[in-house]
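Chemist:
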Amino acid sequence: MTLKEFRTFFSDSLSDTYPKTEIDTFFFILIEEKLNLQRIDTVLQPNATITDTNLIELKSIINRLLNEEPIQYILGKTEFFGLPFLVDKNTLIPRPETEELVEWIIKEVSKLLTNVTSSLSILDIGTGSGCIAISLSKNLENVSISAIDVSKKALKIAQQNAILNNVEVNFIKTNILTANTLPQQFDIIISNPPYVRKLEKVEIQKNVLQNEPHLALFVDDENPLVFYEKIADLAKNYLSKNGVLFFEINQYLGKETVKMLLEKGFQNIELRKDLFGNDRMIKVNL
């Protein structure tokens, strides 16, 4: 089968499941990953022959896409904040909204670093693939970073990602909901914890529901701020003087999260929207 013929076959196979723009994106990702061809090659080499071995693999990927498995899991990797990350079904696929949070943290921490002589300590709670901790380590100097997760399998992926990106992060297996202490005092605490209420499942895409780890996604409808309350309580004791707490939050619970933090005595609470106009992240001082 030629490259041109395969593109037609690929599009026809997926046309009932995905919009054309997404199919095209999948196609160009796959020909680069599996055939080492670029987008321009579809124009310059339309009659290039795809080997039987490659065709078998590509058809297998089509079947997985038809089952709405995310392409990031199929390939076992993704990109976040311009960096490569391994992912599997034990880790959430990093989202663009979280990149916005990382960008905000880098700007704020960079300001803090201009006023201190020693390094700053940072803790990422619920690290998953390690995308936040590793991106910060890659883009900030004079910081020491630790990262917590309850999942041993997720931490294994995070450790591989730290090696892949040539950074040092201290990974710790801990269930934050049952923890009464943190390893040390920290200058910055960050968390993007589970925050999707079960009642919001109707809004979640099928490919997310069927593939991404529910442990990292969902909380009970009756207590949707359970992680935020616990982390805020720990932060009161383990944030250093003038320390900063950052959260990624449920877009529908911005006011409720701010109210909870005020009641716990936090100050200078800043609620920010993401690029889609949704309440998405919070910065507070102790």
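If you read the sequence shown in the numbering used here, its first letter stands for residue 61, the second for the next number, and so on.
Idealized CB from N, CA, C, for every residue including glycine.
Is it true that the CB of isoleucine 185 sits closer than 8 Å to the CB of valine 229?
Modeler: Going by C-beta atoms, valine 229 is not nearer than 8 Å to isoleucine 185.
Chemist: Is the separation between the beta-carbon of lysine 290 and that of isoleucine 236 shorter than 8 Å?
Modeler: Going by C-beta atoms, lysine 290 is nearer than 8 Å to isoleucine 236.
Chemist: So, threonine 102 versus leucine 63, is the Cβ gap smaller than 8 Å?
Modeler: Taking 8 Å as the Cβ cut-off, threonine 102 and leucine 63 qualify as a contacting pair.
Chemist: Apart from the five residues on each side of it in sequence, which residues of its chain come closer than 7 Å, Cβ to Cβ, to proline 130?
Modeler: Here the set comprises Ile153, Asn267, Asn271.
Chemist: Give me, in chain order, the residues of the same chain whose beta-carbon lies closer than 6 Å to that of glutamate 344; leave out the 5 immediate sequence neighbours on both sides.
Modeler: The residue you asked about is not glutamate; residue 344 is valine in the sequence shown. Counting only Cβ-Cβ distances below 6 Å, and skipping sequence neighbours, we find Leu305, Leu321, Phe326, Ile329.
Chemist: Excluding five sequence neighbours on each side, which residues of the same chain lie with their C-beta closer than 8 Å to the C-beta of isoleucine 122?
Modeler: Excluding residues within five positions, the ones whose Cβ falls inside 8 Å are Phe70, Ser73, Leu74.
Chemist: Can you tell me where the beta strand (DSSP E) with valine 304 in it begins and where it stops?
Modeler: Its beta strand (DSSP E) spans residues 299 to 308.
Chemist: Does the pairing of the region 219 to 228 with the region 144 to 163 give three or more beta-carbon distances under 8 Å?
Modeler: A contact exists between the region 219 to 228 and the region 144 to 163.
Chemist: In chain order, what residues of the same chain have a beta carbon less than 6 Å from the beta carbon of leucine 161, not counting five sequence neighbours either side?
Modeler: The residues are Glu308, Met341.
Chemist: Excluding the 5 residues preceding and the 5 following lysine 137 in the sequence, name in chain order all residues of the same chain whose CB lies nearer than 7 Å to its CB.
Modeler: Correct list, in chain order: Pro144, Phe145, Leu146, Val147.
Chemist: With a cut-off of 8 Å on the beta carbons, I'd call phenylalanine 246 and serine 181 a contact; round off their distance for me.
Modeler: Contact holds; Cβ gap of about 5 Å.
Chemist: Would glutamate 159 be called buried (16 or more neighbouring beta carbons within 10 Å of its own) or exposed?
Modeler: Buried is the call here.
Chemist: Quick one: give me the first and last residue of the alpha helix (DSSP H) that isoleucine 131 is part of.
Modeler: Segment 131 to 135, the alpha helix (DSSP H) holding isoleucine 131.
Chemist: Take the Cβ of isoleucine 100 as the centre, count every other Cβ of all protein chains shown within 10 Å, and call the residue buried at 16 or more, exposed below.
Modeler: Classification for isoleucine 100: exposed.
Chemist: Taking leucine 135 as the reference, which of Lys167, Thr174, Lys319, Glu92 has the closest Cα?
Modeler: Out of Lys167, Thr174, Lys319, Glu92, Glu92 has the C-alpha closest to the C-alpha of leucine 135.
Chemist: Considering Cα atoms alone, identify which of Leu125, Leu275, Gly190 is closest to alanine 218.
Modeler: The shortest C-alpha separation from alanine 218 is found at Gly190.
Chemist: Who are the near neighbours of leucine 335 in its chain, counting only those whose CB is closer than 8 Å to its CB and skipping five residues on each side?
Modeler: Cβ neighbours of leucine 335 beyond the five flanking positions: Pro156, Glu157, Glu160.
Chemist: Near lysine 212, which residues of its chain fall below 7 Å by C-beta distance, leaving aside the five closest residues on each side in sequence?
Modeler: So the qualifying residues of the chain are Lys233.
Chemist: In the DSSP assignment, what are the bridge partners of lysine 343?
Modeler: Answer is Phe306, Glu330, bridged to lysine 343.
Chemist: Out of Lys258, Thr241, Leu331, which has the shortest C-alpha to C-alpha gap to threonine 316?
Modeler: The question names threonine, but residue 316 in the sequence shown is glutamate. With distances taken between Cα atoms, glutamate 316 lies closest to Leu331.
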